[in-house]
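In my numbering, the protein residues as written are 120 to 460.
Backbone N, C-alpha and C fix where the C-beta goes; we use that ideal spot for every residue, glycine too.
Note that the coordinates shown come from a computational prediction; the quantities given were computed from them, not determined experimentally.
Since the structure comes first, as structure tokens, the remarks are kept for the end.
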Ligand code: ACO
């Protein structure tokens with residue numbers, strides 16, 4: 120068997136198509152309900168990257184046949200010792216050492232870029248939520264010397280055909296009675312200038328405020344310029360993002376914020392992204408308030424959406440309780456892994 124691993128570019132349509140084919144085969148096998156990208160989405164992801172991140176893409180061929188892919192991503196503005204890796208082997212080619220060879224390529228790229236910690240994630244099993252990969256991901260991660268970051272995450276799905284307006288009204292009304300002195304604002308894509316510093320501040324708190332398990336990550340330094348870059352990149356990647364925030368009227372500061380985003384290519388699907396409340400303003404049910412308001416704002420504009428997916432750390436009980444009250448149900452779980460190189 121001859122294995123070759125080649126670096127690819129988004130400017131080559133055949134390799135973009137090949138990355139998509141690997142992703143499709145792996146997702147169909149391991150996480151079939153996960154929203155699959157289209158070839159155009161893969162192209163846009165590779166072309167535009169992400170704010171403060173630089174990625175390299177590789178494909179693996181066995182005797183000329185497409186067998187796997189690797190994406191390594193280097194944070195460039197903070198977390199300069201870290202590298203993220205996504206490594207996928209087509210199901211028919213598994214247990215032939217291709218994963219190991221791709222990992223060796225990843226470790227080589229980490230060392231060449233002075234990175235000391237490699238991070239990745241795999242499917243995971245939690246009670247009532249079995250992984251469909253037969254345990255391949257965790258067994259492989261351990262065989263490659265990774266340790267669990269003790270940060271299981273659960274992807275939950277809200278099937279909008281089960282949306283209950285009465286339930287949403289009740290959550291919203293209860294939250295309203297606790298949130299006097301705050302008003303809601305909404306926007307699509309680009310935040311109003313007067314609140315962009317607050318957005319940057321809230322965004323930079325995510326690493327401190329969300330459960331991070333043992334993951335060796337430091338807070339990101341997000342300023343207004345970086346927050347604007349993130350908005351621009353989300354649009355360039357084909358995303359439309361709907362935001363609702365709560366403004367503390369006395370100080371005119373945006374102190375709670377949530378986002379629902381959809382990909383131009385997937386008219387049935389939406390991601391519930393960030394939800395954060397500034398610590399001094401917790402206890403007013405602002406999280407529930409902005410989430411329900413944003414869902415209604417979103418659905419006014421995007422009536423074709425059928426499901427909303429979201430990720431939470433398994434231990435994030437406050438956010439999970441809001442999500443489950445709204446109608447989100449567990450779908451898959453994932454584990455985070457890291458190792459020093
Ligand atoms: N059961 C038990 N051990 C396994 C399994 C499995 N199903 N799969 C791999 N391993 C372990 C074994 O120790 C194996 O060595 P051995 O075959 O000599 O016993 C070792 O991992 C290397 O296996 P490879 O053949 O190199 O791995 P493969 O090419 O099958 O790819 C992978 C494994 C990447 C996990 C594949 O199943 C896949 O693409 N899964 C979906 C995506 C994913 O989970 N990626 C892992 C990213 S996380 C990380 O890399 C740390």
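Hey, could you find the ends of the alpha helix (DSSP H) residue 131 is sitting in?
Within the chain shown, residue 131 is the residue found at index 12, counting from 1. Looking at the DSSP string, residue 131 is not in any alpha helix (DSSP H), and its letter there is neither H nor E.
Which two residues bound the contiguous beta strand (DSSP E) that contains residue 379?
The residue labelled residue 379 in the question sits at position 260 within the chain shown. Unbroken beta strand (DSSP E) run through residue 379: 372-382.
When you compare the CB positions of residue 452 and residue 273, do they come within less than 7 Å of one another, or not?
Start at 1 with the first residue of the chain shown, and residue 452 comes out as number 333. Start at 1 with the first residue of the chain shown, and residue 273 comes out as number 154. Against a cut-off of 7 Å, the Cβ pair of residue 273 and residue 452 comes out as a contact.
For residue 265 and residue 372, what's the separation of their Cα atoms in angstroms?
Along the chain shown, read from residue 1 onward, the residue named residue 265 stands at position 146. Along the chain shown, read from residue 1 onward, the residue named residue 372 stands at position 253. C-alpha separation (whole angstroms): 42 Å.
Alpha carbons only, please: which of 356, 410, 390, 363 is nearest the one belonging to residue 167?
Reading the chain shown from its first residue, position 48 is the one you call residue 167. When each option's Cα is compared against that of residue 167, the closest is 356.
At what residues does the alpha helix (DSSP H) containing residue 438 begin and finish?
Position 319 of the chain shown, counting from 1, holds the residue named residue 438. Unbroken alpha helix (DSSP H) run through residue 438: 436-445.
Considering only C-alpha positions, which residue in the set 279, 229, 221 is nearest to residue 187?
Indexing the chain shown from 1 puts residue 187 at position 68. Of the candidates 279, 229, 221, the one whose C-alpha sits nearest the C-alpha of residue 187 is 221.
If I follow the unbroken beta strand (DSSP E) through residue 189, where does it start and stop?
Within the chain shown, the letter at position 70 stands for residue 189. Residues 184-194.
Kindly indicate which three-state DSSP category residue 364 falls into: helix, strand or coil?
Taking the first residue of the chain shown as position 1, residue 364 is located at position 245. Residue state, collapsed to three classes: strand.
Are the beta-carbon atoms belonging to residue 225 and residue 191 less than 7 Å from one another?
Taking the first residue of the chain shown as 1, we reach residue 225 at position 106. Taking the first residue of the chain shown as 1, we reach residue 191 at position 72. Result yes, Cβ atoms of residue 225 and residue 191 sit closer than 7 Å.
Could you give the DSSP three-state label for residue 388: helix, strand or coil?
Against the chain shown, residue 388 aligns to sequence position 269. Three-state DSSP puts residue 388 in a strand.
My understanding is that residue 367 touches residue 301, with C-beta atoms under 8 Å, so please give their C-beta distance in whole angstroms.
Reading the chain shown from its first residue, position 248 is the one you call residue 367. Reading the chain shown from its first residue, position 182 is the one you call residue 301. With a Cβ gap of about 6 Å, residue 367 and residue 301 count as contacting.
Could you tell me the distance, in whole angstroms, from the CA atom of residue 280 to the CA atom of residue 126?
Walking along the chain shown from the start, residue 280 turns up at place 161. Walking along the chain shown from the start, residue 126 turns up at place 7. Whole-angstrom Cα-Cα distance: 43 Å.
If you run the structure through DSSP and keep just helix, strand and coil, what is residue 290?
Position 171 of the chain shown, counting from 1, holds the residue named residue 290. In the structure shown, residue 290 sits in a helix (DSSP, three-state: H, G or I).
Compute the minimum distance between the beta carbon of residue 147 and the heavy atoms of ligand 1, and state whether it is under 6 Å.
For the purposes of this step, residue 147 is identified with residue 28 of the chain shown, where counting begins at 1. Because no heavy atom of ligand 1 lies under 6 Å away, the Cβ of residue 147 does not count as near it: no.
I want to check one thing, is the minimum distance from the CB of residue 84 to the heavy atoms of ligand 1 below 6 Å?
This structure gives no information on residue 84, because the portion of the chain shown stretches from 120 to 460.
Does the beta-carbon of residue 268 have 16 or more other beta-carbons within 10 angstroms, so that it is buried, or is it exposed?
Here residue 268 refers to the residue found at position 149 when the chain shown is read from its first residue. Residue 268 should be labelled buried.
Taking 6 Å as the line, does the beta carbon of residue 178 fall inside it for any heavy atom of ligand 1?
Indexing the chain shown from 1 puts residue 178 at position 59. Residue 178 Cβ: outside cutoff for every heavy atom of ligand 1.
Given a cut-off of 7 Å, decide if residue 454 and residue 243 are closer than it, judged by their beta-carbon atoms.
In the chain shown, counting from the first residue as 1, residue 243 sits at position 124. In the chain shown, counting from the first residue as 1, residue 454 sits at position 335. Against a cut-off of 7 Å, the Cβ pair of residue 454 and residue 243 comes out as a contact.
Under a three-way DSSP split, which group does residue 259 fall into?
Reading the chain shown from its first residue, position 140 is the one you call residue 259. In this structure, residue 259 counts as helix in the three-state DSSP scheme.
Do residue 267 and ligand 1 come close, with the Cβ less than 6 Å from some heavy atom?
Your numbering for residue 267 matches position 148 in the chain shown. False, no ligand heavy atom lies under 6 Å from that Cβ.
So residue 342 packs on residue 319, CB below 8 Å; how close in whole Å?
Taking the first residue of the chain shown as 1, we reach residue 342 at position 223. Taking the first residue of the chain shown as 1, we reach residue 319 at position 200. At roughly 5 Å, the Cβ-Cβ gap stays under 8 Å, so residue 342 and residue 319 are in contact.
Where does residue 238 land, buried or exposed, given buried means 16+ other C-beta within 10 angstroms?
Counted from its first residue, the chain shown places residue 238 at position 119. Counting Cβ neighbours within 10 Å, residue 238 comes out buried, since at least 16 surround it.
For residue 271 versus residue 433, is the C-beta distance shorter than 7 Å?
What you label residue 271 is simply residue 152 of the chain shown in a count that begins at 1. What you label residue 433 is simply residue 314 of the chain shown in a count that begins at 1. Against a cut-off of 7 Å, the Cβ pair of residue 433 and residue 271 comes out as a contact.
Suppose you measure from the CA of residue 361 to the CA of residue 437; what does that come to, to the nearest Å?
Here residue 361 is taken as the residue at index 242 of the chain shown, counted from 1. Here residue 437 is taken as the residue at index 318 of the chain shown, counted from 1. Taking the straight line joining both Cα atoms gives about 22 Å.
Here's a check: name, in chain order, each residue in its chain whose Cβ is nearer than 7 Å to the Cβ of residue 277, leaving out the five neighbours to either side.
Taking the chain shown and counting its residues from 1, one reaches residue 277 at position 158. The residues are 426, 427, 445, 446, 447.
Under 7 Å, do residue 380 and residue 358 count as touching if we go by C-beta distance?
On the chain shown, position 261 is the one that residue 380 refers to. On the chain shown, position 239 is the one that residue 358 refers to. Yes, the Cβ-Cβ distance between residue 380 and residue 358 is below 7 Å.
Check the C-beta distance from residue 218 over to residue 259 and give it rounded, since I have them as a contact under 8 Å.
Translated into positions along the chain shown, residue 218 becomes position 99. Translated into positions along the chain shown, residue 259 becomes position 140. About 5 Å; that satisfies the 8 Å criterion.
If you scan the region 146-221 from start to end, which runs of the alpha helix (DSSP H) of 4 or more residues do you find wholly inside it?
Within the region 146-221, the complete alpha helix (DSSP H) runs of at least 4 residues are 158-167.
Measuring CA to CA, which of 171, 252, 232, 304 is closest to residue 350?
For the purposes of this step, residue 350 is taken as the residue at position 231 of the chain shown. Out of 171, 252, 232, 304, 171 has the C-alpha closest to the C-alpha of residue 350.
Would you mind working out which of 255, 410, 154 sits nearest residue 304, comparing C-alpha positions?
The residue given as residue 304 occupies position 185 in the chain shown. With distances taken between Cα atoms, residue 304 lies closest to 410.
Between which two residues does the alpha helix (DSSP H) carrying residue 303 extend?
Counting from 1 along the chain shown, the entry for residue 303 is found at position 184. Where residue 303 is concerned, there is no enclosing alpha helix (DSSP H), although the beta strand (DSSP E) it sits in stretches over 301-307.
Who are residue 274's beta bridge partners in DSSP?
Taking the first residue of the chain shown as 1, we reach residue 274 at position 155. 430, 451, per the DSSP bridge assignment.
Give every residue of the same chain whose Cβ lies closer than 8 Å to the Cβ of residue 145, excluding the five residues on either side of it in the sequence, and list them in chain order.
Counting from 1 along the chain shown, the entry for residue 145 is found at position 26. Result list for residue 145: 207, 208, 209, 210, in chain order.
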